[in-house]
Amino acid sequence: MKKWCIHLNFENTAWSLFNSEGMLINYSGSSAKGQIDSNIDDGLLLLSGLFVTNYFWQMTIATLMAVFIPIWTSILR
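Following my numbering, the numbering of the sequence shown begins with 25 at its first residue and continues without gaps.
Okay, here's the thing in structure tokens:
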């Protein structure tokens, strides 16, 4: 059975997927562009990485909205 490990940076803009044999996939990106480096040809892992990256961006936007909308509405009153 293979063990998997994911390494994230603080902003969730770059992360890597590892197993016991070493790094498999390295994702990095921003809201406008991104890059995927991989040493395997597993399309499912690549697509799941794109899904996770999209999820992180959605959660970042949702968190920013949850924090700043109450601040803006209290300032505009």
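Don't be surprised by glycine CBs; every beta carbon is placed ideally from N, CA and C.
Would you list the one or two residues that DSSP bridges to residue i?
i	result
ASP61	ASN50
ALA38	SER52
Go ahead and pull the three-state DSSP assignment for residue i.
i	result
SER72	helix
ALA86	helix
ASN43	strand
Beta-carbon within less than 7 Å of residue i's beta-carbon, same chain only, minus the 5 sequence neighbours each way: which residues are those?
i	result
GLN59	SER52 and GLY53
According to the neighbour-count rule (16 or more other Cβ atoms, all chains shown, within 10 Å of its Cβ), is residue i buried or exposed?
i	result
LEU88	exposed
ILE95	exposed
THR77	buried
Does the distance from the CB of residue i to the CB of residue j come in under 8 Å?
i	j	result
LEU69	ILE85	no
If you measure from the beta carbon of residue i to each beta carbon in chain D, is any gap under 8 Å?
i	result
ASN50	Chain labels in this structure do not include chain D; a single protein chain is all it has.
Report all residues from its chain with a CB closer than 6 Å to the CB of residue i; omit the five preceding and five following residues, and keep chain order.
i	result
ALA38	SER52
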